[in-house]
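Undergrad: Residue numbers (our numbering), protein chains in the order written: chain A, 2 to 243; chain B, 2 to 243; chain C, 2 to 243; chain D, 2 to 243; chain E, 2 to 243; chain F, 2 to 243.
Please see the structure below; I have some questions.
There are 6 protein chains.
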Amino acid sequence: MRIALINPNTTASMTRKMASAAVAVAAPSSEIVAITAATGPASIEGYYDEALAVPGLLAELRKSEAAGADAAIIGCFDDTGLDAARAMAGIPVLGLCESALSLASLVAKRITIVTTDLRARVPVEELVGRYGMAGKVRVRATGSPVLALEDPRSPAVSRLKAEIALALEADHAEAIVLGCAGMADLAQSLLQEFGVPVIDGVGAAVKQAEALVTLRLTTSKRGAYSFPAPKAFRGYPAGQHG
Amino acid sequence: MRIALINPNTTASMTRKMASAAVAVAAPSSEIVAITAATGPASIEGYYDEALAVPGLLAELRKSEAAGADAAIIGCFDDTGLDAARAMAGIPVLGLCESALSLASLVAKRITIVTTDLRARVPVEELVGRYGMAGKVRVRATGSPVLALEDPRSPAVSRLKAEIALALEADHAEAIVLGCAGMADLAQSLLQEFGVPVIDGVGAAVKQAEALVTLRLTTSKRGAYSFPAPKAFRGYPAGQHG
Amino acid sequence: MRIALINPNTTASMTRKMASAAVAVAAPSSEIVAITAATGPASIEGYYDEALAVPGLLAELRKSEAAGADAAIIGCFDDTGLDAARAMAGIPVLGLCESALSLASLVAKRITIVTTDLRARVPVEELVGRYGMAGKVRVRATGSPVLALEDPRSPAVSRLKAEIALALEADHAEAIVLGCAGMADLAQSLLQEFGVPVIDGVGAAVKQAEALVTLRLTTSKRGAYSFPAPKAFRGYPAGQHG
Amino acid sequence: MRIALINPNTTASMTRKMASAAVAVAAPSSEIVAITAATGPASIEGYYDEALAVPGLLAELRKSEAAGADAAIIGCFDDTGLDAARAMAGIPVLGLCESALSLASLVAKRITIVTTDLRARVPVEELVGRYGMAGKVRVRATGSPVLALEDPRSPAVSRLKAEIALALEADHAEAIVLGCAGMADLAQSLLQEFGVPVIDGVGAAVKQAEALVTLRLTTSKRGAYSFPAPKAFRGYPAGQHG
Amino acid sequence: MRIALINPNTTASMTRKMASAAVAVAAPSSEIVAITAATGPASIEGYYDEALAVPGLLAELRKSEAAGADAAIIGCFDDTGLDAARAMAGIPVLGLCESALSLASLVAKRITIVTTDLRARVPVEELVGRYGMAGKVRVRATGSPVLALEDPRSPAVSRLKAEIALALEADHAEAIVLGCAGMADLAQSLLQEFGVPVIDGVGAAVKQAEALVTLRLTTSKRGAYSFPAPKAFRGYPAGQHG
Amino acid sequence: MRIALINPNTTASMTRKMASAAVAVAAPSSEIVAITAATGPASIEGYYDEALAVPGLLAELRKSEAAGADAAIIGCFDDTGLDAARAMAGIPVLGLCESALSLASLVAKRITIVTTDLRARVPVEELVGRYGMAGKVRVRATGSPVLALEDPRSPAVSRLKAEIALALEADHAEAIVLGCAGMADLAQSLLQEFGVPVIDGVGAAVKQAEALVTLRLTTSKRGAYSFPAPKAFRGYPAGQHG
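Here it is, written out as structure tokens:
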């Protein structure tokens, strides 16, 4: 089984961190192919970055599917482009937020997501609402930019721990979801430190991808995720879309 | 007051139809500048088309704002790229679905949206949910493609009328919202035929744009719609984003 | 275009303040006719005052429509009598809360309404719920009575500012809606002071009224807003109702 | 214990029918005092009639409380003026819809309300939403006017039975709530005919009134139902309000 | 009328306290038969205890119905086994939480439940959601175990008062619901102390039971509460179930 | 990794069918230990059967955990006893409905569950609501009893196919979830026949169990799922609980 892990944040160090988290939990028979998108923002913080990350993501997904991937993961917690990707592809596509919340719901009744940049708080709250979990999931933001997580000297990790402590106290959180793909390396140590489940979206998405492939389930091609209707796409490289 | 009406469907005949509907209702002091995006799908039907329409839309919005537009309208009923556009721009940005539902709510308690392609039904239902109107708005789709509305010999209009008749009967609809920018020319004749309010998003958005500009209200730059953080955008033309 | 602005708070100084706010934003071709209801409470604070304000409001609305008004605005933030008015009248009728929230939603994702008397907090929260916005709108009350806003020596305005400051901090508010018709004169100065959109319902309602009239949309007479069935009304002046 | 049953529909035959239903289920120690409001519409069908029924209702409630009533019931299924009445009075006030739904929820998971005039369908659906029961309660209307129930030759009752049959089949209804005070005499025979619980609001409200009085519970005077603030009420008979 | 009050907490002192509260409010013609279940946990705190309390509860309910009870009350605030009991029995069955919230809704718009053990907070929040009251009811827990309420030297009551004070201030609570059957003796004194309605589920359930019996309403046997299908039950005493 | 698959339906042929479905999709390193509960109903249809199945289920779970299981699955679609099981156990516990809906959400936007007995429809709808999916999931029941699925001559399977066909047409379903553990053998053939994803809860739960164990995630022991407080359990075999 080959799983494409496509990072729409065009920052290779983040891709490597995610790939490492993915490989650590993948089944022996699963191969993780990690890809940094060629087009898009260096990091994804809020609606604007999300929107501009999508065409590059879809281009990589198309290539990965053509190259034989059995499933794909979008390496961004905001589930950027997830619906478009599912409509385009014949293989299953997973998002980090949706995958993490799916698993978190299996181990806790009250969950807090801790994300980074303040611009990401409302978009993540909207994802929570779309996934039907507004009644049990709260969202906090550290105020640190995404790329600060790549810098060991930044206060990004200590701010993350401070928000987790607040979540346990003020939100009655029973589990924590890490709200940024750049936190993928921290789940195990935070779980040790805080004594509650700490869920990283990358690992969750790898296991959900394996589940779907093993169960021979792929995206329904009836209704919302039907393959796109054939039509002209102006201004995109020939053959890239349509 | 100058209002940019940006059509992310890269089909000029649809832009002309929208422009005509906009001009018909604009205040005497408002100038409508209609633009067909240079990049994107010929029509927008479902998640995939939506996603690929956004970068071209944002590029036109940036140019329009630089050229002095006071407000902008996204000429697609799916409110494609609306959040990204609001984050990017300093001027107010309007979507057709949101504008139409805002006004429809002022004249009716039960509303049905009639859209086109079956791929668009669920995305529009999700918009309705996001705008808090799931309790009073139903969505129907004719099954005709968007571009069939550009062809006077197609059955697209008769199918639209058949769905409106069903909406009045089965959904207890009190008003109809036209769920596609390509229907902008039909509102007045359908209102006459069916005797209930029929709301077209283009006209609604023009009036909401004028309202915001007159009231000197623009997108809040605190929180979700903060201007994007400066960062590198790989693969986009130099100076286009970031 | 003639717009009747009917104040169901039977306090003429409040009517003048609203009229001034309305005229300031009305289109050149719109005439604002401001009316203080002859029957009803001096101010509207909670369910009881709301209920007793409605018959006087409907009587003025009936006269205004007969006198040729093209649309009417109910000059109270609680949208008192709005549904009854829409059912009775053939012209569009606007409420301040609904109009303000419609426009606020176009410029912000998280909104706080600041109202006056503590009795008004829950009724306004219920309006927010009815308009489908419970997920994005919070309500605060200053604890000052409505009529304190008519008195320049009262602490009503300073309490309002204190609640706005709290809303920005604790509610993550991105925009503020002024939750009382008596605050109509404060929107522009508060917008300057706090740097976020501050929306006054009177101005918002004027623009929504103009939008509906221009688009030739009026209240649907199918279903909930059908004209009232003819019947006897005991105890009301002859010819006033029925 | 004395319970005032105030009919805001100013039709005495309907009051008698309600009184009879109330007496039939009241405790031996309860006295039912049935009153037809002196002011208001002959029947209440939709928002307009509701609004104009309230001042007459509140006037009777004030008199009843002064005369020593321990609780009051508003004899209209639309719960017209219920919040205003609770704010005004020091004694508990019950509505028919709320009382009926409270008891129906104790005996069934899926409930259908059958009301009369088509104008009443949406207002009752909104009540259901306000009471948090949109997920389990459906609303149907027979299309007959309220007063047709006073006429034994009208088809109102046969239409009611037809809608009950549809509710059992199409809505999976497990219990029926009679959505009009004028149906108060039909509950027992319909229960026999259809074999499911059939709940009449008058009887339900009598038992809820007795429950509150026995438990020494009355309306909270903290927050939304605080006694009205003292103020001038223009145009109402002296001493009637304020 | 005979009402069985079945305590699934197998602690006789708690049963006596509940019986006393029930008798205090029951109609003169009602006989309260209080029963401590023979099987189950000494107290019910959270999901596990709830689950193991149900078979013992159902066994007592079956015996009570056979012995001629007209209605039954489950003496635990978590409404443990309520749906199973309703399906099994031909007589109405009441739960404390549902009954208390039904009556609390008739006297207040904002309600806080104060429960005991921290394990019970989320289960009670889920009940609130199931009863459609998430928008108006908050849940707090004192952190004291249920059985501490049986011990006059424990700080359980002072902690309860502290949470009530917080509820009034921070939740804008207008009424308090006592979230544990073991608090049944405290309602009247807390009502005196705090000046807001304080609702105990035992009393509320007695009055709802009397209401249903008087109105000749019992659980619908159509749909969800149909009598169980006959089948083998392995491992239960012969004749106890099935 | 050892996964206990505990069937609370005390019918061994159903356990064998589930075990077979589990083994078919389990990872090579996973061992499935299928157990039929010793206590409980032969099949689970509605609230009553659910309740009586739980103690037997918990007893088997306790034994399985003591015997070294790494995770457990409750082999009933109604997720009977799931919360109690999670509170009791130190290992992760999975339910069929929750697991199936988690995976179905990853491949479709509109889902229909088809269950068996009519008594199960509302309980499953309530599960859907509790999992936050009321907006996208519909529930249908075939009207056949659960055990009819064990009999090849019964019309249970043809009725199931008829409901699937209706779901695709009337509910716009994009995927089907099999709403009974006894349908575990049918998923692949129905997927072939209807051309949409058909999800069986047993397979889904196996993959979710493997995911949690691999990610070293287990049930949070903070809050709702804290280990039960130690206390006496009357009437249960010594040492079985507490």
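Glycine included, C-beta positions come from ideal geometry on N, C-alpha and C.
Here the structure is a predicted model, which means the values were calculated and not measured.
Judging by CA-CA distance, which residue of C:M15, C:G41, C:G47, C:K222 is the nearest neighbour of D:A85?
TA: Ranking C:M15, C:G41, C:G47, C:K222 by Cα distance to D:A85 puts C:G47 first.
Undergrad: One question on the structure: do B:Y226 and C:K110 come within less than 8 Å of each other, judged by their Cβ atoms?
TA: Yes, they are a contact pair.
Undergrad: With a CB to CB cut of under 6 Å and the five nearest residues on each side skipped, what residues in its chain are close to C:F78?
TA: Cβ within range, chain order: L97, C98, G180, C181, A182, G202.
Undergrad: I'd like to know whether the C-beta of E:A70 is nearer than 8 Å to at least one C-beta of chain D.
TA: Output row for E:A70: interface = no.
Undergrad: Report the option in D:R235, D:V94, D:L95, D:T113 whose CA atom is closest to the CA atom of C:N8.
TA: It is D:R235.
Undergrad: Please confirm whether B:G41 has its beta-carbon closer than 8 Å to some beta-carbon of chain A.
TA: Yes, because at least one Cβ of chain A sits closer than 8 Å to the Cβ of B:G41.
Undergrad: On the DSSP letters alone, give me the boundaries of the alpha helix (DSSP H) that E:A210 sits inside.
TA: Its alpha helix (DSSP H) spans residues 202-215.
Undergrad: Answer yes if the region 147-164 of chain B comes into contact with the region 8-24 of chain B, meaning at least three C-beta pairs across the two stretches below 8 Å, and no otherwise.
TA: Contact between the region 8-24 of chain B and the region 147-164 of chain B is present, because at least three Cβ pairs lie under 8 Å.
Undergrad: Please decide whether F:A135 counts as near chain H, where near means a Cβ-Cβ distance under 8 Å.
TA: The structure shown contains no chain H; the protein chains it does contain are A, B, C, D, E and F.
Undergrad: For the region 112-200 of chain B, which segments carrying the alpha helix (DSSP H) assignment without a break, of at least 4 residues, lie completely within its bounds, in sequence order?
TA: 122-131, 157-171, 188-195, all fully within the region 112-200 of chain B.
Undergrad: Check distances from the C-beta atoms of the region 110-122 of chain B to those of chain D and list, in chain order, the residues that come in under 7 Å.
TA: For the region 110-122 of chain B, which is checked against every Cβ of chain D, the residues closer than 7 Å are K110, R111.
Undergrad: Alpha carbon to alpha carbon, how far is C:A206 from C:A52?
TA: Answer to the nearest angstrom: the Cα atoms are 21 Å apart.
Undergrad: Could one say the Cβ of F:A212 lies closer than 8 Å to chain A's Cβ atoms, at least one of them?
TA: For F:A212, the answer is yes, since a Cβ of chain A falls inside 8 Å of its Cβ.
Undergrad: List the residues of chain B that D:G144 touches, going by C-beta distances under 7 Å, in chain order.
TA: Here the premise fails: no neighbours, minimum Cβ distance about 12 Å.
Undergrad: Which stretch, first to last residue, makes up the alpha helix (DSSP H) that contains D:G57?
TA: 48-67 is the extent of the alpha helix (DSSP H) around D:G57.
Undergrad: Please go through the same chain and pick out, in chain order, the residues whose beta-carbon is closer than 8 Å to the beta-carbon of A:S30, but skip the five residues on each side of it.
TA: Within the same chain, A:S30 has close Cβ partners M2.
Undergrad: Identify whether D:T244 lies in helix, strand or coil by the three-state DSSP scheme.
TA: Any answer about residue 244 of chain D is impossible in this case: the structure gives chain D only from 2 up to 243.
Undergrad: Give every residue of the same chain whose Cβ lies closer than 8 Å to the Cβ of C:M89, excluding the five residues on either side of it in the sequence, and list them in chain order.
TA: Only L59, L62, R63, F228, P229 meet the Cβ criterion.
Undergrad: Output needed for D:L107: all residues of its chain with C-beta closer than 8 Å, excluding positions within five of it in sequence on either side, in chain order.
TA: Closer than 8 Å at Cβ, skipping near neighbours: no residue.
Undergrad: Would you give the residue range spanned by the alpha helix (DSSP H) that C:A105 belongs to?
TA: That run of the alpha helix (DSSP H) goes 97-105.
Undergrad: Let me check understanding here. Comparing Cα to Cα, which of F:T219, F:V214, F:V125, F:I74 lies closest to F:V178?
TA: Out of F:T219, F:V214, F:V125, F:I74, F:V125 has the C-alpha closest to the C-alpha of F:V178.
Undergrad: Measure the beta-carbon distance from B:A142 to B:T116 and round it to whole angstroms, keeping in mind my assumption that it falls under 8 Å.
TA: So it is a contact: roughly 5 Å between Cβ atoms.
Undergrad: If you compare alpha carbons, which of E:Q209, E:E170, E:K162, E:E211 is closest to E:A188?
TA: For the residues E:Q209, E:E170, E:K162, E:E211, the minimum Cα distance to E:A188 belongs to E:K162.
Undergrad: Given this structure, state the Cα-to-Cα distance separating C:S65 from C:A5, to the nearest angstrom.
TA: Cα to Cα, C:S65 sits roughly 6 Å from C:A5.
Undergrad: For A:K232, tell me which candidate among B:A54, B:I200, B:A166, B:V34 has the shortest Cα-Cα distance.
TA: Residue B:A54 is the option with its Cα nearest to A:K232.
Undergrad: For the alpha helix (DSSP H) that A:A86 lies in, which residues bound it at each end?
TA: It spans 83-89 - the alpha helix (DSSP H) in which A:A86 sits, taken as one unbroken run.
Undergrad: B:L130 CB to nearest chain F CB: under 8 Å?
TA: Per the sequence presented here, residue 130 of chain B reads as Gly, with Leu not at that position. Closer than 8 Å to some Cβ of chain F, the Cβ of B:G130 qualifies, so yes.
Undergrad: Output the distance between the C-alpha atoms of E:A73 and C:V123, rounded to the nearest integer angstrom.
TA: If you take the alpha carbons of E:A73 and C:V123, they lie about 36 Å apart.
Undergrad: Taking the alpha-carbon positions, what's the E:R154 to D:E32 distance?
TA: Distance between the alpha carbons of E:R154 and D:E32: 45 Å.
Undergrad: Please compile the residues from chain A whose C-beta is within a distance smaller than 8 Å of the C-beta of B:M19.
TA: Within 8 Å Cβ-Cβ: nothing; B:M19 doesn't reach chain A, min ~17 Å.
Undergrad: If we count Cβ pairs, one from each stretch, closer than 8 Å, do we get three or more for the region 21-29 of chain C versus the region 204-221 of chain C?
TA: Yes: at least three Cβ pairs fall under 8 Å.
Undergrad: So, is the C-beta of D:A176 closer than 8 Å to a C-beta in chain E?
TA: Yes - at least one Cβ of chain E is within 8 Å of the one on D:A176.
Undergrad: Which class does D:V108 belong to by DSSP, given the choice of helix, strand or coil?
TA: Coil.
Undergrad: Grab me the residues of D:I92's own chain with a C-beta within less than 7 Å of its C-beta, minus the 5 sequence neighbours each way, in chain order.
TA: Within the same chain, D:I92 has close Cβ partners E66, A70, D71, A72, A73, T219.
Undergrad: Please check the pair E:A22 and E:D186, which I expect to be a contact at CB under 8 Å, by giving their CB distance rounded to whole angstroms.
TA: Sure, about 6 Å apart at Cβ, within 8 Å.
Undergrad: Judging by CA-CA distance, which residue of F:M19, F:G224, F:T11, F:L216 is the nearest neighbour of A:L104?
TA: Taking only the C-alpha atoms, the option nearest A:L104 is F:L216.
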